[in-house]
Amino acid sequence: MKIILTALLYLLSTGLLLADNDHDLARELKQAGDILPLEKILKKVEKLHPGHVLEVELEKEDQRYTYEIETVDKNGSVWEMQFDAKTGELLNSKKEK
Numbered sequence: 084m085k086i087i088l089t090a091l092l093y094l095l096s097t098g099l100l101l102a103d104n105d106h107d108l109a110r111e112l113k114q115a116g117d118i119l120p121l122e123k124i125l126k127k128v129e130k131l132h133p134g135h136v137l138e139v140e141l142e143k144e145d146q147r148y149t150y151e152i153e154t155v156d157k158n159g160s161v162w163e164m165q166f167d168a169k170t171g172e173l174l175n176s177k178k179e180k
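Position 76, counted from 1, in the sequence shown is what this note's numbering calls 159; the numbers after and before it change by one each time, with no gaps.
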């Protein structure tokens, strides 16, 4: 029992357990039609700033979900974009300095 508790505390401290819960929440929201699939948003990202995705976050702000996506383009510039997760509308796009 002590080993299980230690392992659980480790997972909580590293965020691994929380990441699974976030993934489950995203799946539930997608199935309910509350957010678009990430694949649709990533297609928009690729058209705006072709390159590699560095980070994706699903955030809830002001009672709406947003995808926050960070990419690096072919020139090495890092871009941070925010999309409405329900509509796919681009809310913000900025080049990191």
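Heads up, the beta-carbon is just placed ideally off N, CA and C, and yes, glycines get one too.
- [ ] Could you have a look at residue 123 and say whether DSSP puts it in helix, strand or coil?
- [x] helix
Task: Nearest neighbour of residue 119, chosen from 133, 145, 169 [CA to CA] - done: 169
TODO: Indicate the three-state DSSP secondary structure (helix, strand or coil) for residue 135 in the structure shown.
DONE: strand
Task: Extent of the continuous beta strand (DSSP E) to which residue 154 belongs - done: 147-156
TODO: Look up residue 117 in the DSSP assignment and give the residues it is bridged to.
DONE: In DSSP, residue 117 forms no bridge with anything.
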